[in-house]
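Numbering (the UniProt record's numbering), first residue to last: 1 to 400.
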């Protein structure tokens with residue numbers, strides 16, 4: 001059993017030391033995270049166990065559902081109107097069409113969660129979190145997660161009981177399939193015309209994962225992109241399953257001097273939905289990653305959080321389709337993926353693992369999991385690069 005009487009004085013001293021480090025260099029993401037982790041340890045020490053479980057049942061589920069209703073009312077946008085001026089519930093009722101008493105109850109709750117600011121009796125204003133919640137990307141991410149996963153969460157115990165608590169590994173028999181009563185994989189389901197709104201929300205969600213520090217800001221680019229081909233029409237990098245191409249576009253903007261073709265490969269439906277105004281330096285090519293890779297001898301075949309959507313057997317098929325296209329001693333596969341620590345894994349890695357399990361019958365993987373997967377198809381995991389300030393790593397893979 002964990003220590004039930006942590007030394008509060010020691011935790012406060014730890015915060016003092018880490019706080020000095022974080023404030024002396026505000027750009028040091030690792031120092032910020034270390035301070036935040038210490039602050040969370042202090043909160044955990046001060047939070048009585050009864051309150052922890054009470055919040056789990058009485059607070060946490062309603063953050064999600066209340067926020068989802070707020071999106072239907074465009075409530076966060078309304079709060080931000082008129083230069084963020086505080087607004088009464090009566091005014092917000094006029095702006096949204098919702099009952100003022102309902103808005104008062106919702107906003108009091110959201111204020112207690114820190115999502116909005118309470119400025120007076122039945123009067124509210126936006127704060128920094130409100131502004132983030134109102135962005136297109138976070139709106140889409142929240143709608144995508146809630147609309148897809150709320151039914152899955154509600155039926156998960158029944159699914160687990162029916163499957164005798166087996167670890168889900170069948171891509172067509174996942175908690176998602178059970179909840180939504182479909183035999184289609186999630187991505188097939190998204191492609192159906194009746195799910196067009198969810199597809200757009202999913203695209204916004206995928207854009208969210210590209211925010212923050214990029215992998216190429218943490219690794220040694222000259223080491224990875226060494227000995228580049230001088231041949232005409234040589235391919236520098238292919239972003240496979242790269243959604244709207246945010247990663248490869250940012251890469252091109254950062255390293256415009258690197259020679260070679262840059263290619264975004266996505267399903268035909270995704271390529272067709274991309275804006276007509278698209279960087280000319282990046283080629284858009286329809287491709288299904290479960291078929292043979294048509295571009296031979298590229299320096300890098302890059303996949304960003306693609307394999308975590310699939311169980312091991314599907315991942316093997318994806319990797320096997322790349323092997324014939326690779327040039328030995330030259331080509332590399334770069335997997336930009338979460339690498340779960342063997343112990344002490346944080347909320348992001350473990351939370352996304354639950355998301356992958358419930359939506360895709362897939363998983364996040366430890367370094368040993370990744371190594372076993374890569375070696376099972378005859379490839380070699382040559383290096384795991386840490387990406388500073390991120391739970392994601394970069395796995396560098398070569399032909400064995």
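Glycine included, every Cβ here is placed at the ideal spot set by N, Cα and C.
### Query
For the beta strand (DSSP E) that residue 383 lies in, which residues bound it at each end?
379-386
### Message
Quick check on DSSP: helix, strand or coil for residue 304?
### Response
strand
### Minimum Cβ-Cβ distance from residue 237 to chain D less than 7 Å
The question asks about chain D, but that chain is absent: this structure has only one protein chain.
### Query
Is DSSP giving residue 82 helix, strand or coil here?
helix
#### Entry: Helix, strand or coil at residue 46 [DSSP, three-state]
helix
### Query
Going by beta carbon distance, what residues of the same chain come within less than 6 Å of residue 339, once the five residues before and after it are set aside?
367, 393
### Message
In the DSSP output, what is residue 471 paired with across the bridge?
### Response
As shown, the chain starts at 1 and ends at 400. That puts residue 471 outside it, with no answer to give.
### Task
Assess, as a yes-or-no matter, whether the stretch 228-246 is touched by the stretch 293-300 under the definition of 3 or more beta carbon pairs within less than 8 Å.
yes
### Task
Can you check the UniProt domain "O-methyltransferase C-terminal" (233-379) for any beta strand (DSSP E) of at least 3 residues that lies completely inside it and give the ranges in chain order?
235-240, 261-266, 282-286, 300-304, 332-340
### Task
Could you have a look at residue 398 and say whether DSSP puts it in helix, strand or coil?
strand
### Message
Let's see if you can read the secondary structure: which residues bound the alpha helix (DSSP H) around residue 69?
### Response
60-72
### Query
Applying the criterion that 16 or more other CB atoms from any shown protein chain within 10 Å of the CB defines a buried residue, is residue 381 buried or exposed?
buried
### Message
Going by C-alpha to C-alpha distance, which of 14, 115, 345, 227 sits closest to residue 329?
### Response
227
### Task
Would you check if the distance between the CB atom of residue 388 and the CB atom of residue 218 is smaller than 7 Å?
yes
### Task
Name the two residues that bound the continuous alpha helix (DSSP H) containing residue 132.
128-133
#### Entry: Three-pair Cβ contact test at 8 Å for the stretch 146-159 versus the stretch 335-351
no
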